[in-house]
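Reviewing the structure listed below.
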Amino acid sequence: VNMNNLKLENNFQYLVSDSDVTLVNYLGSDTLVTIPDMYNGINITSVGPFAFAFNKTIETVIFSNNITVIKNNAFNNCESLTDVYISDIAAWCNISFGDYSSNPLYYADNLYLNSELVTDLVIPDGITDIKDYAFCNCSGLTSVVIPNSVTSISSYAFYGCSGLKEVHISDLSAWCGIEFGNDYANPLYYAHNLYLNGELVIELV
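Numbering (this note's numbering), first residue to last: 100 to 304.
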């Protein structure tokens with residue numbers, strides 16, 4: 100790391116390049132942390148490994164839609180986390196998470212979309228891939244709607260979503276064509292109930 104590229108602003112330490120910025124460390128003790136969109140006019144696109152790790156004060160984290168990568172252990176042992184706020188489900192589904200504790204939901208459990216607690220998750224049409232660990236430990240989810248555009252759901256995407264009761268689809272052949280990364284990629288692992296166009300599937304045709 101070129102130390103000249105490390106910048107500090109408002110308790111965030113950044114690694115700055117010409118094209119993007121990585122948030123490498125949070126040095127503050129606020130209970131609510133908002134990850135900024137930009138540093139010095141350059142998009143903040145990634146969160147580095149252990150960036151927030153072992154922070155015992157953060158309870159709420161608010162994400163920008165610019166984040167595309169969150170590295171291993173970014174939120175490791177952030178055990179005070181209770182709430183994660185986002186404003187775009189599609190952007191969230193596209194984040195590459197490094198492992199369980201790179202996703203703050205692993206500790207927080209509660210996901211808010213535009214300040215509303217998400218219990219009935221609707222994956223937007225057009226999404227093709229739900230990335231690894233995307234909704235890991237989001238135990239507040241009770242149902243999920245998977246659109247026909249989804250072709251892959253990566254490993255552990257729904258791990259720990261123990262509150263899930265319903266999975267809703269509108270095309271059985273599209274559902275059968277989804278490539279699941281492992282058992283915990285499939286929300287049915289917890290939900291058990293599959294609904295096709297609003298009707299509970301009890302006989303597969």
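We put the CB at the ideal spot given by N, CA and C, even for glycine.
Heavy atom of the ligand NAP less than 8 angstroms from the Cβ of residue i, yes or no?
i    : result
F196 : With respect to small molecules bound, the structure shown includes none, and the ligand NAP cannot be examined in it.
Which of helix, strand or coil does DSSP assign to residue i?
i    : result
Y232 : coil
Y317 : As displayed, the chain neither begins before 100 nor continues past 304, which places residue 317 out of reach and without an answer.
I245 : coil
D282 : helix
S214 : coil
N103 : helix
I185 : strand
L287 : helix
S251 : strand
S118 : coil
S179 : coil
S272 : helix
S195 : strand
L79  : Since the first residue of the chain shown is 100 and the last is 304, residue 79 is not available in this structure.
L220 : strand
N263 : Note on residue identity: the sequence assigns Leu, not Asn, to residue 263. Coil, per DSSP.
L131 : strand
Suppose the cutoff is 8 angstroms on Cβ atoms and the five residues either side in sequence are ignored; what does the same chain contact list for residue i look like?
i    : result
T130 : T156, I157, E158, T159 and S179
N110 : Y125, L126, G127 and D129
In angstroms, rounded to a whole number, what distance separates the CA positions of residue i and residue j?
i    : j    : result
S272 : S251 : 14 angstroms
P246 : L212 : 18 angstroms
N285 : V244 : 12 angstroms
N296 : C177 : 40 angstroms
N292 : S269 : 14 angstroms
A173 : I166 : 13 angstroms
N142 : D117 : 10 angstroms
I185 : S214 : 8 angstroms
F153 : T144 : 22 angstroms
G197 : E108 : 25 angstroms
Y113 : I194 : 19 angstroms
P148 : V120 : 14 angstroms
V300 : Y294 : 6 angstroms
I226 : N139 : 31 angstroms
L122 : E298 : 45 angstroms
N103 : A150 : 19 angstroms
P135 : E265 : 35 angstroms
M137 : F279 : 34 angstroms
From the beta carbon of residue i, is the nearest beta carbon of chain C less than 9 angstroms away?
i    : result
D198 : The chain inventory of the structure shown lacks chain C, comprising one protein chain alone.
List the whole-angstrom C-beta distance separating residue i from residue j, where the pair is believed to meet the contact cut-off of C-beta under 8 angstroms.
i    : j    : result
Y205 : C235 : 5 angstroms
N171 : A190 : Not quite, the Cβ-Cβ distance comes to about 20 angstroms (not below 8 angstroms), so this is no contact.
K230 : S248 : With a Cβ gap of about 15 angstroms, K230 and S248 do not count as contacting.
Got a sec? Which residues, its chain only, sit under 6 angstroms from residue i by beta carbon, not counting five neighbours each side?
i    : result
V221 : V244
L263 : L240, P286, Y289 and A290
V183 : V160, P203, L204, A207 and L210
F233 : The question names Phe, yet the displayed sequence has Ala at residue 233. Result list for A233: C192 and A256, in chain order.
S200 : N172, F174 and N175
C237 : L204, L210 and C260
W274 : I268
Using a Cβ-Cβ cut-off of 7 angstroms (strictly less than) and excluding sequence neighbours within five positions of residue i, which residues of its own chain qualify?
i    : result
T218 : G239, L240 and T241
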